Structures are given as C-alpha cells and as structure tokens.
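Quick notes on the structure that follows.
Protein chains: 4
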Amino acid sequence: MAEKRTGRIPAAILGATGAVGQTFIWLLKGHPWIELVEVAASERSLGQRYGEAVHWLEGELPGAVAGLTVLPCTPEAVSAPLVFSALDAAAAASIEPEFARAGRTVVTNARNHRMDPDVPLVIPEVNPGHLALIDVQRERRGWEGAMIANGNCSSIVITLALVPLQQRFGIRKLFVTTMQALFGAGYPGVPSLDIAGNVVPYIGGGEEEKIETEILKMLGEMVDDAVKPAKFPMSAQVNRVPVEHGHTACIAVGLERNVSPEEAAEVIASWCSAAEARGLPSAPERPVMVARAIDRPQPRRDAHARGGMTVTVGRMRRDPILDLRLVAAGHNTIRGAAGATLLNAEFLIRSRPRE
Amino acid sequence: MAEKRTGRIPAAILGATGAVGQTFIWLLKGHPWIELVEVAASERSLGQRYGEAVHWLEGELPGAVAGLTVLPCTPEAVSAPLVFSALDAAAAASIEPEFARAGRTVVTNARNHRMDPDVPLVIPEVNPGHLALIDVQRERRGWEGAMIANGNCSSIVITLALVPLQQRFGIRKLFVTTMQALFGAGYPGVPSLDIAGNVVPYIGGGEEEKIETEILKMLGEMVDDAVKPAKFPMSAQVNRVPVEHGHTACIAVGLERNVSPEEAAEVIASWCSAAEARGLPSAPERPVMVARAIDRPQPRRDAHARGGMTVTVGRMRRDPILDLRLVAAGHNTIRGAAGATLLNAEFLIRSRPRE
Amino acid sequence: MAEKRTGRIPAAILGATGAVGQTFIWLLKGHPWIELVEVAASERSLGQRYGEAVHWLEGELPGAVAGLTVLPCTPEAVSAPLVFSALDAAAAASIEPEFARAGRTVVTNARNHRMDPDVPLVIPEVNPGHLALIDVQRERRGWEGAMIANGNCSSIVITLALVPLQQRFGIRKLFVTTMQALFGAGYPGVPSLDIAGNVVPYIGGGEEEKIETEILKMLGEMVDDAVKPAKFPMSAQVNRVPVEHGHTACIAVGLERNVSPEEAAEVIASWCSAAEARGLPSAPERPVMVARAIDRPQPRRDAHARGGMTVTVGRMRRDPILDLRLVAAGHNTIRGAAGATLLNAEFLIRSRPRE
Amino acid sequence: MAEKRTGRIPAAILGATGAVGQTFIWLLKGHPWIELVEVAASERSLGQRYGEAVHWLEGELPGAVAGLTVLPCTPEAVSAPLVFSALDAAAAASIEPEFARAGRTVVTNARNHRMDPDVPLVIPEVNPGHLALIDVQRERRGWEGAMIANGNCSSIVITLALVPLQQRFGIRKLFVTTMQALFGAGYPGVPSLDIAGNVVPYIGGGEEEKIETEILKMLGEMVDDAVKPAKFPMSAQVNRVPVEHGHTACIAVGLERNVSPEEAAEVIASWCSAAEARGLPSAPERPVMVARAIDRPQPRRDAHARGGMTVTVGRMRRDPILDLRLVAAGHNTIRGAAGATLLNAEFLIRSRPRE
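Here you go:
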C-alpha cells in the first residue's frame, strides 16, 4: 500500500457509523502508521457529514472525522488502499470482494468469509503464519488486493485465553459458556426492555456455531497451502447480559496431560506471543494476563485492561470432569472487533510492506 | 403438630428479617393450613416490632405481621410447633438442632445439614420417599422433633429441569454454568458498585460444591435406611449477574441413550411430578414448563411463572460433545428457597399429620 | 354499548401488539364487565394470529387472546362497540375519529386529542364531571360514538399526587422533575446502549409540554360547556432512567396558604376520590397513598401498589422557596396508561349505561 | 511545603482505601508536582500492605502504591507536609484539625468544615480569592498548617454550570433536582437490591442542605476577612440512580435580567475561568462545556469529558416560571471529589509556594 507523504498509509472505514465503525475511529486517532481519510456507510447517510450522520456512542468524536463526507461503499467512490470493514454480514457479502478485486487490502471484522479456506483468520500473536493464505487467495480468486479477517468477539477472547494451554499441553475437549456485552449487538441493538435486569440465553447470527468453528481454525496449523484446524471437540453456549463492554467466558477444558491449576496459571502468565506481533502499535505487552483475586476477571473492571487489548484470565481451578475450569474476560469491541482488525492491518503493513 | 382452633398449624420464622425470611412472610399470607404467629431474629432486632426491625424489600408488609414482636431464636422464646428457618449458616449450626431436640419440626433453607446422611433433602415432586430419613434421624439423634431441608437455590432449579431426563433416560454426565440473581445474596448482599453493569464469576459459601453434591443427593434413591446418591460426574460454574430475581442455568447433559432435542422437550413437557406432591397448596400444576420461543427462558420474564414455583426450560438443542444443551430458569427466593421450604412443610403436614 | 349474552360488553384493542396494547390484554383478563373479542394492529401483523404477531413482553399471554386473528384498524374490520386505543400518535390521528364517527366508543391513551376542547381528559377519581364534554363533542362533530382520553403517564401520576392539595389549599406554583421508566417508551423503545447505567434528560414527543398542559386541564373545572383549566404556572423537566416500570416525580409546589408537611401528608392520606369512581372494578380503594419511610416512594418497590393503580407519595418536607417538596411514584403503563384507559371505560359504562 | 530532591512535594492520603481515596491514587500517578509517599486508613487496615488492605474498585492499582504500608491517621505516624483527606465525616472531625495544628496542609473532601467561616471552600476557577481565609484561619485557630476544602460533589457540578450565568446576569432564584451516581456513596455504599432498576429519592448525610448552603458560599464574595455568601433562594432535591459515575442536575434558574437560551448557552460556552486556575496540571482547558445534541448531557457519556474535570451543560430552554432550564452533568468522584481536592492542592502550591 502506498504511503502518503506523511509516511502514513491512507485508510477508509466501510460501515463507519455503526458501533464497530466508531471504535475504528477512536482507535485510529493519532495512529503512527495509518491515516483515516475516508468514511463510507449505507445509503441512509450518503453525502452527509459524518458528524451529522452518526449517533456517536462514546466519548468525543474527533473533529477532523466529523467533517468528512460519508461516501458510498464502492471502490469507485473510496480511494484508500487500506480498507477497514465494519460492515454487517448482509452488506459485506458483495462489497468486500469488490474492494479486494479492485486491488485494495481489506481487513474485515465481518463474519462472511472467516471460514473460507483461503481467507486468513488471524490473531497476530497466535497464528501469524496463517497470513500465507493471502497468496493462495490471490491465485485462486485472481485478486490484486487481499482480504484478511479476524474472528468473532468471543472466539478471539477464548482463543487468547486458551492458546498458552493448547501450545503447551494440547487441548482435548472444551466447554464454553459466554456472557456477552451489549456493545456486541451494535446500535440500536438490544432493546432495553429485553435486557434490563435480565439475561437472554440466545444471540442470533449463528453465534454458537461461529465460536465452535473459528476457534479451531485459529488454533490450527498451516500445512502446505491450507490451514488444518485443531481437532478437539468443543461446545459453546452464549448469553446476552446487561453489561456495557466486555465478554466473559466460563471455560471447562480437558488437556492432553494432567495439569494443576497453579501450573496452568503459570503457563498462561508467562506465555509469549508470536514474535511477529511484538511491537506492533496496537499489540499490548501481554495479550493474556492472569488475575489473582478470587472474584476476577469481571468485564466492567477488567475488559479495558491495557487499552482493551489484553484478555484477563482467572478463577483457575480443577474441574470435576475435565481437567481445568477458568474464566476469561476481554473487551469485545476492541480486542474482539475493531482493535483486532487494526492489529491485523498493522501486522500486514509490517510483514508485507509492499502490499 | 397440633392445630389451632382455626384448624391451622401455628408457625414461626427464624431469621425473619432477611430476604428469605421476608419471602416466607408473604408466601404465608392467607395460607390455608399454616398460620404465622411468631417471628424471631438476631440480637439486633430483639424486642422491636417486626415492622420497625425490618428493611422490607418488596411490596407491602402485611399489617398483622408488622405488629409482631421480634423474639430471640430459642425454643424457650418461640412456642410454635412448626418452625421455618431462614437463618444464615453461622446461626443455623446450633439453633436448628436445639429446636429439633425440643420437639419442633424444623423446615430449613440453611445449608448446614443438607448433606447429613440422616437429613432428608427434599423436593416433594421429585424425591418424596427421602422423607423416610426422618425416622433414621430421630433414632440416631434422639430428637422428638425433626429437621427437613431443601437444596440450594440453583440446585433446586437444575434438579427440577433435569429430573424428567434422569428418570426417563438416565444422566451420564453434566456441565452447568449458572447466572444468579441479586436476591440470592440476601440483604445488604452485593454492593451495587460490584455488580452494576458487571458479572462476578464467583459466589462465596462453597456455591459450586453445594450444587455438585446436592443435586446428586436429591436425584438419589432410598436404599434401606439411606439415600444412595446419583452417580454421574458433574461440574458447576457459578456467576452473579445484575438480575433482581431468577437464576439461569446453561446446561450440557449426557444421557444414557441418544435422545433428540424434540424428544427431550416432549419428555420434560409431559413429566408428572410425584403423586405425593400433587394438590399441595404451594405445588404448581406443573413444576417444569417448556418455553418454545428461541430466546427463552429469561429470568426477568420467566422466573415468576406460576407463582414463582415453576421452572422454565428452553433452548433444547444438540450438544457437540454431550447429547443435549438446554437452559433453565427459576425463581431463586421462591422455588429455590422460601417456596421450597414451605412446600416441604406442606408435604410433611399431609404425609405425617400427627407430627 | 350493547352487551353480549354473557352480560359483558365486547371490546377491541387498536394497536394491540405494543407495550400498552399488551397491558390492556392482561388487565382485561377475567374482567367482569368487558370481554376482549378483537385485536387490531398495523399492516405488518395483519392476518397473523396474535400469539405469533406479538413480541410478548411480560408474564404469560392468555391463551384465548393468542388465537385471535390480527385485524386492520378500521371500523369495517372491527365490530366491537367499545374500542381501546393504544395507537401511536401518527396512527391515532385519523383512525380514532373514524371509529367515533362510526358510532364506537373510543377510550384512548393516544396523545392526539387530549387537549381538544371537546374531548374529556378524565381521571374518574379526580374530574368525573368532565365527561359531560361528550355531549359537546357529539353535537360539534356529528359523531354517534364518542372519544374519551386519559392523560400522559406522568401527567396522571402527578395529578393524583397533587389533587388533594389543589382541592384543599389551591396550588399557586408548580415545579416538577420526572424520572421515567423504560416501558413508557414502548417496544423496541430505548436502545439498551443509550440507557444502561445512564440517564437521558430528554424524551421526545413533546413530553414536557404535555405534562405542562394536561395537568392544568385535568385539574380544571367545567364551566358551562367547557373545561376551564387550572391557572397556576408550572414547569416540567423530564428524564429517562434505567427503571423497568414506574415513573417518579420530584415536586416543589406553592400553595395558596401556608401548610406544614405533616398537614399536607394528612390531607393526601385521607383524601377521598370522587364518588363516581368508587367501586369501579379497576379503581383502587385509595388512588393516592402516603409512604412514611424516609427513602420512599421508589418506583421498583412502590409502582405496583394496589394492582399498579395507586400513586405513592412521600418525602414531604418544606421547600426553601415554595411551600412544600414531595416525591410521587406511580405505575406508568397501568395507572399512567392502560389502567387509566380501562378505568375510563368502566366509568363510562356505569355513568352512561346506554351508550 | 518542602519539596523533595525530586522537586515534588511529598503527600499522604488519609482514608486511602475508600472510593475517593482510590481516586486520589490514580489521579496522583505521575503527577508533576506531587509525589504520593504515604497512605493512612482506619484501624482495620493498619500495618497491612495497601494492595492487600484495599478492595480496589477500578482499573489497575499502581504497583508502587500497592507496596506501601497502611499507616494510622495521626500526624505522628504520617510525615508528609501535604495531606489529602478522603476521610468520612465521623473520622474527619478530629483528625483533620490535628494535622493542621501539626503544621500540615490539609486539602479535604470531607464535609465537616466546609461551612466554617474561616475555611476556604474553593473551586480555583470560580472563587480563588477565598483562599485568603487561610490567614484568618491561622490567626483564629493558632494553626501552623492550614485546611482548605472543596464542596460536595453535586455542589461543585452545579456551581460550575451556573457560575457563568451568575457572573454575567446574576442569579435570582434556583431550583435543582439531582440524579446522583453510585460511586458518590462510596464502598460498599448502596446495596444492589436497593438500587438495581430503581430510583431512591433520598441521600443521607444532609445532602440537600449541603447543596443549598455550599453553592451560596462558593458563589459568594470576599468582603474584608470573610466570605459574604450569594443571597438568592435555592431549593435542592436529590435522588440516587443506578449510574456508575456522573451526577446529573436538572436546573431551573431565574436571572436578574431576561436572557434567551441561546444567549445563555453562548455565555457558558465562552466563559473563562479565573486566571489563577489556568495551567494548573489538573485544570481542564474549559471547566464547563456546552453540549449541542438535544439529549445531552448524559452521565455515562459526558461525565468523563476532559479527564473528568469538565462539567457538561445542555438542554438550555426557556422555563415557564423562571427564565431558564438546563441540565448539567459532571464526574462526581473526579470533578466532584478527588479531582477537586487535587486541583485545590495545586492551586495552593502555586499561589503560596512557601507553605
């Protein structure tokens, strides 16, 4: 991707007015490598100034972005070589490939292509090698650009919590129950009458299936030109809870060998992320942290850890059936969405500077 | 227990000012068989009128009860033959046996004696036969009175959800994750700063161990003079969520034979409770109900079903590891505490009218 | 209105799928005078069974209603002589007059015609005499039917709290700040991301103006053929708060003569509603109650008082500028909407049995 | 106050384990002028390491502070010349004067001495001249040290919102209704069962009286050696709402001359704080900001503005009785407590460098 004279790469956001789109905007503020130059959204907002088109959800909208005109989501209207996609699945299906075909680098949070065999589903700290799928993708699809995806918000949080155990001991079996925050549903999202003082044990869009497949792909290995997914059986149940930010997962995990909770905690606490991710602007020093207090992690108190990019793990104890039980919490719109996509973009910029 | 001239049995509440104590009061209002005549509580409230001593949590305090003088929790001060105990564990340890020794019938919600081999842990619809332990208890302890306990709030909700499957197919393995309501922690209970917009993945007092042992005892069988607990391995993880009333449990269950979700739903929906429980004043027509909507049960909407005495089950689907996944929700202070204790009292009154 | 052979008057609900429409349904369940026979709603639901068309918000949907077919909101499709309107303002504007013109009795919760000089805005306990406007209305509009309205949810709660003071001392000046519940915004209503852990100091639809005008009309007097509104200046500020049911109003009121808080409390506590309202099926024994605890009323604890039809008043104290400060809380969808409309219907049935 | 060799003034926190004490800790992290060297608290925590003694409420406890030993609250045990007091009123009564007598500079958030005629109640941007009371204080009390107080959380937010109008037009009359956040009650503070989905129209500790007197003192003028308080009549009603951070105030204000909402907004937006406060490390560029969106300010979205030190004002409109209505929101533990105290300390350090 061509840099501007400022030395920063020009970028656009597709789906810029939604909850994830907004998170991109404040994460990109003052970014050292990337400069936000265009915002695009659905018909409803076209031609308006961004500051008027958006129902801004948190903090202060940066003035420079407020003045941008909302563009249509087409490669003709949007010129930036780097494209962040916060589109919903219906829109992403056709729009994202158009951009990749037109030579753009699409880093996407949308679910559509995550499980495509030639689309890398990447957490740079975990599976940087999967990026090689881009070459397969280009050859197979004839694209000049590329598409790189990140997982679902819960998939990422759980994968980061478990990757140290998987790498060291091997996972044999996995049960997960999530309690997911309101921001995960976007805006307007969940009506307050449905969730105030309530729990809803259902999330649409195939949430459970996404978690059950994406984690296996992300923990998989590159064999020749393909990702061979991890093979352990897993079960995920999901719930919506009245929490603003931060998904929590109660996990029971069986490992290939017997491990004490203390040993597991030590392995997680001392885990080092892949060298390829270290030093990226959005990479936290430690992507997984162990909380020692008996009642942690908690989404309201732990999701924002290290800029929202660190997953907090705690409550490590023996499970009466499998080996271990633990709880993980992470920030769903940062580590689980916009921050994940941004980290992928940074990873790509560093590993393939000429794209 | 001797009836009064009204034909109703006089009863007292121990621990009457707490959250469960208060629930007893409004459940006993207008009860056809039982008349509340005494309230007892800790030192702090002694001698005050109940209406002044209590921080009343919900609805209207019945006028007749407001005027009662708060008595000390001793068999000398309290004369009623039937005693409801809402004592916390520290107080219950010594006080409850004193009452039983003094010839009173103690129906208790406290956790202290639930797992004692000679204390019946009863849900009348599920395991009425366990009541026979009273005879063992008397002989062994030399009591004239008796003590009968109900399980922990979550244990009861989960047991009712699963008993139809256990009776028909046999349970092989069980994973449970709960999301528990604020009322379960009593008053003042959880500080709002800890739980507003948050999830706390920890509940003190050995909550997980209680669930893991009590369910097995309640689903066990009387063999000679003892309860032989059910034998399947189980794992429970608990969470506190910002919900007022109603515990929710996400359940993954393995059965002795392969069962479709539809068949399981049918078995639960058509399950008949034990004949001994039918027609008791507090027994709902159906103690378990199946919700058909894809996003139910929900604690705020389903916990109050049928006076708070019916557990609602839904989200029946195949589990990728075990056979079935489902969600259960029930009212923790009614079906899971005061209502359970009251139902036990009614069951005792009918089955052993001379006690 | 012609009774059915059952002796009950057949009724329809317009706008039956919304939050207020649903409240009508459970208030009408087992009603002694009125029988719900038809439900009507917007295009989207036409022809469906009610049970499928509705996102049912609370408790259990009565089986008989679940099976009704959703009709269009036209006098041709709907045959019942008594029509409850829970339409939103856009729909109510043309639909309600059509029904009245077609000879139906329309009792409405919609805001459109509340301030029309010939539409009675009635709380039967407060201003039953305003019903006489129906004759004016018919003559002026040439209607065979009639339309009778109730006030906005906050207007009703505040009016009931203050009518005893107005009748006894005369109000001189009035400042009100409301904290309004989520159900007041209907469904889907307020997005959870806007209100979870938040206060929104704005409610659309002219909420403040409605309160400032309706209260004066309801506290006004019939002079000849018109209502002469009360004349005191008043100011209302409104807020949305994360409360499920129950609007709360902080009130500062100046009276025509100096009154102590104790005297004011006594006047409110002993106030008798208009004779015309007594004994109506939905009329509570006391429409206003005084809470003595220093921290009451509270919406979650007091809004449901006496079936949701009693407003609770408390915190009576001297105001440093005006004479008195007090707080009122009442159930917004019952006393402030569906229950108010139903009470108006009952009042009409008894006072004008031949309509 | 003597600087350390680092050039920073050593400081201690009294009441360091509570909610305000904790806020001091993270506000002081990396402070350019002040270095936290000691923490003191009540008997319960004495001798423990701070990290063990505290139930840390938000974010991460700085490691350096975690290792400090908790000292008793006496001038013998605590050596720092600058003392931040987050003591509750019962403790502050005797402890604070002891420190001042022992030559320490006490900046306090406690309510005890705010209204003492010789204690400056300061917001540096508003009434810096009141600091002169220190000389009166020393002479009268024979202290070598000094005590300077800040107002109650709501008093400060409301004063900042109104000072531009007071300075330009003069306030004639003031009605305020507050909706106050949970953090204002400290920890454990409000039980969740009291406030979840609820509003409590009462706050203990004389909250309404504090607001009604402190605002007048803060808006008063130094005349000779005393503060002559502002004279307008005012009325405050307070409520607790389920909001984590941020107090909101609905304000109706009468001014000495007729002002349009637009003009008032302009005056507030362009108001300049006192020169004495500008450039202090904790002083925001603008201590009051005007939000233009119709539904702002909102505590969850606006309280954190500019590090929590800026009050946001909005909803400016004509009041039917007085001249103007408006809404203000500000961060109660930062601008309304710890941040206010810290700003006072900075102000003192700059204005009286030799103390």
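Chains as they are written, first to last, in this note's numbering: chain A, 1373 to 1727; chain B, 1373 to 1727; chain C, 1373 to 1727; chain D, 1373 to 1727.
Glycine residues also receive a C-beta, built at the ideal position from the N, C-alpha and C atoms.
Only a predicted model underlies this, so the values are computations on that prediction, with no experimental measurement involved.
If I measure Cβ to Cβ from residue i and keep anything under 7 Å in the same chain, skipping five residues before and after, which residues do I get?
| i | result |
| --- | --- |
| R1544 (chain D) | F1604, G1626, L1627, E1628 |
| C1525 (chain D) | G1556, H1619, N1704, G1708, A1709 |
| E1616 (chain D) | A1553, L1554, F1555 |
| A1636 (chain B) | L1537, M1688, L1696 |
| P1601 (chain D) | L1588, K1589, G1592 |
When you compare the CB positions of residue i and residue j, do they come within less than 9 Å of one another, or not?
| i | j | result |
| --- | --- | --- |
| L1652 (chain A) | V1479 (chain A) | no |
| T1550 (chain B) | I1528 (chain B) | no |
| W1515 (chain A) | A1472 (chain A) | yes |
| H1485 (chain B) | V1494 (chain B) | no |
| A1568 (chain B) | I1567 (chain D) | yes |
| M1487 (chain A) | K1589 (chain A) | yes |
| C1445 (chain C) | G1523 (chain C) | no |
| Y1574 (chain B) | R1513 (chain B) | no |
| D1729 (chain B) | A1504 (chain B) | Outside the displayed range of chain B (1373 to 1727) lies residue 1729 (chain B), so it cannot be described from this structure. |
| T1572 (chain B) | Q1670 (chain A) | It is worth fixing the name first, because residue 1572 (chain B) is Val in this sequence and not Thr. Going by C-beta atoms, V1572 (chain B) is nearer than 9 Å to Q1670 (chain A). |
| A1463 (chain B) | S1414 (chain B) | yes |
| R1668 (chain C) | T1684 (chain C) | yes |
| A1646 (chain B) | P1496 (chain B) | yes |
Using 8 Å for Cβ pairs, my map puts residue i next to residue j. What's the rounded Cβ distance?
| i | j | result |
| --- | --- | --- |
| A1665 (chain C) | G1702 (chain C) | Not a contact, Cβ separation roughly 17 Å. |
| F1547 (chain C) | I1693 (chain D) | 7 Å |
| M1606 (chain B) | I1587 (chain B) | 7 Å |
| L1459 (chain D) | I1467 (chain D) | 6 Å |
| E1648 (chain A) | P1500 (chain A) | 4 Å |
| A1452 (chain A) | R1483 (chain A) | About 23 Å; that fails the 8 Å criterion. |
| L1433 (chain B) | G1423 (chain B) | 6 Å |
CB-CB under 6 Å to residue i, same chain, minus the five flanking residues each way: which ones, in chain order?
| i | result |
| --- | --- |
| A1449 (chain A) | L1443 |
| G1517 (chain C) | A1472, G1475, R1476, T1477 |
Does the CB of residue i have a neighbour CB from chain G at under 9 Å?
| i | result |
| --- | --- |
| K1545 (chain D) | In summary, chain G is missing from the structure at hand, where the protein chains are A, B, C and D. |
Look at the alpha carbon of residue i and the alpha carbon of residue j, and state the distance between them as a whole number of angstroms.
| i | j | result |
| --- | --- | --- |
| C1644 (chain B) | G1393 (chain A) | 52 Å |
| L1714 (chain D) | I1397 (chain D) | 11 Å |
| N1716 (chain B) | R1540 (chain C) | 54 Å |
| G1686 (chain D) | N1481 (chain D) | 27 Å |
| N1570 (chain B) | L1429 (chain D) | 12 Å |
| R1421 (chain C) | E1580 (chain B) | 44 Å |
| E1593 (chain D) | V1508 (chain D) | 15 Å |
| H1427 (chain D) | T1389 (chain D) | 7 Å |
| G1578 (chain A) | A1608 (chain A) | 11 Å |
Among residues of its own chain, excluding the 5 on either side of residue i, which ones have a beta-carbon nearer than 8 Å to its beta-carbon?
| i | result |
| --- | --- |
| M1681 (chain B) | S1654, A1655, P1656, P1659, H1703, I1706, R1707, G1711, L1715 |
| R1678 (chain B) | P1656, E1657, R1658, M1661 |
| L1399 (chain D) | S1654, I1706, A1710, G1711, L1714 |
Heavy atom of the ligand HEM less than 8 Å from the Cβ of residue i, yes or no?
| i | result |
| --- | --- |
| I1397 (chain A) | You won't find the ligand HEM in this model; it holds no ligand whatsoever. |
| query | So, do the segment 1436-1453 of chain A and the segment 1398-1411 of chain A have three or more beta carbon pairs nearer to each other than 8 Å? | reply | Flag = yes, the segment 1436-1453 of chain A and the segment 1398-1411 of chain A touch.
| Below 8 Å, can you find three or more Cβ-Cβ pairs linking the segment 1471-1478 of chain A to the segment 1390-1404 of chain A? | Contact fails: fewer than three Cβ-Cβ distances are below 8 Å.
| message | Using 8 Å as the cut-off, can you tell me whether the segment 1529-1544 of chain A makes contact with the segment 1629-1641 of chain A, which would need three or more C-beta pairs spanning the two stretches below that distance? | response | The segment 1629-1641 of chain A and the segment 1529-1544 of chain A touch, with three or more beta-carbon pairs separated by less than 8 Å.
| task | Would you be able to state if there are at least three C-beta pairs under 8 Å between the segment 1379-1393 of chain D and the segment 1553-1568 of chain C? | result | Result no; under three Cβ-Cβ pairs closer than 8 Å.
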